[in-house]
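Anchor point for the sequence shown: position 19 equals 19 in UniProt numbering, and the numbering is continuous, going up by one each time.
In what follows, a structure is listed as structure tokens, so that the remarks can point back to it.
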Amino acid sequence: MALQIDSVDRKLLRALQVDSRKSVQVLGEAVGLSASACHRRLKALEEQGLIEGYRAVLNAGRLGYSMQFFIEVGLTSQSEAVLEAFEAAVQDIPEVLECHLMAGQSDYILRVVCQDHEDFERLHRRLSARLPGVARIHSNMSIRTVKARTGLPI
């Protein structure tokens, strides 16, 4: 269930999504609060779980990860044990940036990054061998990212 927040908190959250490195003073000025009032609101938003953390957005290509794939995974079973084992195992594969449990044709979709085709082949073999309960893997290569947004439409 969504928490109710006021317009000042919305402005504050929007400003953080644009640049979370801004000081409390600058954020406060942007939303019409003193630095101390802004700090209190930020603390409250963190305690309510609305702010989960502060991260840098890295350029994957400049770090050598020029390839991105979306991998559809079908499991042998939908039992709780198989789902839990799969989800635990996928946590240990650093190239897997996201893992989504799906409703539809695939059980999971993974978003992965690789440096090149050889790197992807190694990852594909690891996924097939290391992930429990896998019956089927179907890979889709992203040619170009058209839209990538980390901020929520608040």
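Just so it is clear, CB atoms sit at the ideal spot from N, CA and C, and this is done for glycine as well.
- Taking a C-beta distance under 8 Å as the contact criterion, residue 82 and residue 132 qualify as a contact pair.
- Counting along the chain, residue 111 sits inside the beta strand (DSSP E) bounded by residues 108-114.
- Annotation: the UniProt domain "HTH asnC-type" (5-66) contains the following complete segments of the alpha helix (DSSP H) (minimum length 4 residues), in chain order: 7-18, 24-31, 35-47.
- A contact is defined here as three or more CB-CB pairs under 8 Å, and the stretch 97-115 meets this definition with respect to the stretch 67-76.
- Taking the Cα positions, residue 43 is about 45 Å away from residue 136.
- For residue 135, the enclosing beta strand (DSSP E) covers residues 134-142.
- Annotation: the continuous beta strand (DSSP E) that includes residue 96 extends over 96-101.
- Less than 8 Å divides the Cβ of residue 110 from the Cβ of residue 96.
- Here residue 41 is buried: its Cβ has 16 or more other Cβ atoms, across all protein chains shown, within 10 Å.
- Residue environment for residue 108: buried (at least 16 other C-beta atoms within 10 angstroms of its C-beta).
- Shown here, residue 123 sits in a helix according to DSSP, grouped into three states.
- Annotation for residue 82: the continuous alpha helix (DSSP H) segment containing it runs 80-90.
- Distance from the CA atom of residue 98 to the CA atom of residue 91, rounded to whole angstroms, is 9 Å.
- Under DSSP, residue 71 takes part in a beta bridge, and its partners are 110, 139.
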